[in-house]
Amino acid sequence: MRLGVFAGCFLVLWGLVYVGALPRGLGDSNLLWVLLLSIVISAPLSFVLLRKQREAMSAQIVEKVETAKGRLEANRTREDRAVQ
């Protein structure tokens, strides 16, 4: 999704440079100019637009970590009972 936001920013900025709304880069640096500007603009957009997806992934990771901790504790308890 982040790549999609970047690609959208790149296409919009490329169009704005092509139309003349934004300045062109010096010489052959036009592509580099548009790429850097796309990165700068897409980063905060991704942070805001993809917040729900980021929180959902975080919740899934926390759930998996808690499950793994529970299994580890169960194995540890089982070992303690076997040793005694």
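So the working numbering is basically just the index in the sequence shown, starting at one, shifted up by 5.
Idealized CB from N, CA, C, for every residue including glycine.
Here Leu18 has Val39, Leu42, Ser43 as same chain residues with Cβ atoms under 6 Å from its own Cβ, once five neighbours each way along the sequence are excluded. Counting only the Cα atoms, Val10 lies some 54 Å from Arg86. Scanning its chain for C-beta atoms nearer than 6 Å, with the 5 sequence neighbours on each side dropped, one finds around Gly30 the residues Trp38, in chain order. Taking C-beta atoms under 8 Å as the contact rule, Arg7 and Ser51 qualify, at a distance of about 5 Å. Just so you know, the alpha carbons of Gly13 and Lys74 end up roughly 41 Å apart. Relative to the Cα of Asn35, the nearest Cα in the group Leu21, Ile46, Ser47 belongs to Leu21. If you look at Arg7, you'll find it in the alpha helix (DSSP H) that goes 7-24. Excluding sequence positions up to five before and after Leu27, its CB lies within less than 7 Å of the CB of Leu18, Leu21, all in the same chain and listed in chain order.
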